[in-house]
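Have a look at the structure below, then the notes.
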Amino acid sequence: MDEALQFPPDDVRRAINLTGYAFTSQVKALDTGAAVATLTCAALNQTNQKGWLNVKSGTSTAAWPLGLVQMDLKAVVGGVTQHSETLTFQVIDGVTA
């Protein structure tokens, strides 16, 4: 338990209210750093889903290059910018027709 927060690490009560935050996100190819996509980010209803953020691609992912890509989230609130950890994941060919 994190004594400063008084909640176990996996407790949803640790979530923060995202009202007022502006989020942006990009996906880039890991090997070249080339931009793959700009993602849209929208905080969900912070009364019912505190801390939840919807992140999605506005275009089809079918054109994304296969292989490893990386992304992060940039949050700006009150003039302060913060970045999430960088997430790396693999884009594979579609399985379902």
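If you're matching positions, the sequence shown starts at 1 in this note's numbering and goes up one per residue. Here a beta-carbon is modelled for each residue, glycine too, at the ideal position from N, C-alpha and C. Note that the structure is a prediction, hence the values are computed from the model and not measured.
So if DSSP puts residue i in a beta bridge, which residue, or which two residues, is it bridged to?
i          : result
residue 67 : 91
residue 82 : 75
residue 42 : 54
residue 37 : 27
Nearest to residue i by CA position, among the options, is which residue?
i          : options           : result
residue 43 : 78, 16 and 27     : 16
residue 30 : 95, 93, 94 and 88 : 88
residue 14 : 45, 62 and 52     : 52
Helix or strand or just coil, what does DSSP make of residue i?
i          : result
residue 24 : strand
residue 47 : coil
residue 62 : helix
Return the chain-ordered list of same chain residues with a C-beta closer than 7 angstroms to the C-beta of residue i, the five sequence neighbours on each side being excluded.
i          : result
residue 91 : 64, 65, 66, 67 and 69
Tell me which same chain residues have a C-beta within less than 8 angstroms of the C-beta of residue i, skipping the five on either side of it?
i          : result
residue 11 : none
residue 73 : 23, 24, 25, 41, 53, 55, 83 and 84
residue 94 : 62
residue 86 : 70, 71 and 72
Could you give the C-beta distance for residue i and residue j, rounded to a whole number, given that I count them as a contact under 8 angstroms?
i           : j          : result
residue 80  : residue 21 : At roughly 10 angstroms, the Cβ-Cβ gap does not stay under 8 angstroms, so residue 80 and residue 21 are not in contact.
residue 59  : residue 34 : Not really, about 16 angstroms apart at Cβ, beyond 8 angstroms.
residue 118 : residue 49 : Residue 118 is absent from the model: the chain starts at 1 and stops at 97.
Quick one: what's got a C-beta closer than 6 angstroms to residue i's C-beta in the same chain, skipping five residues either side?
i          : result
residue 27 : 36, 37, 69 and 71
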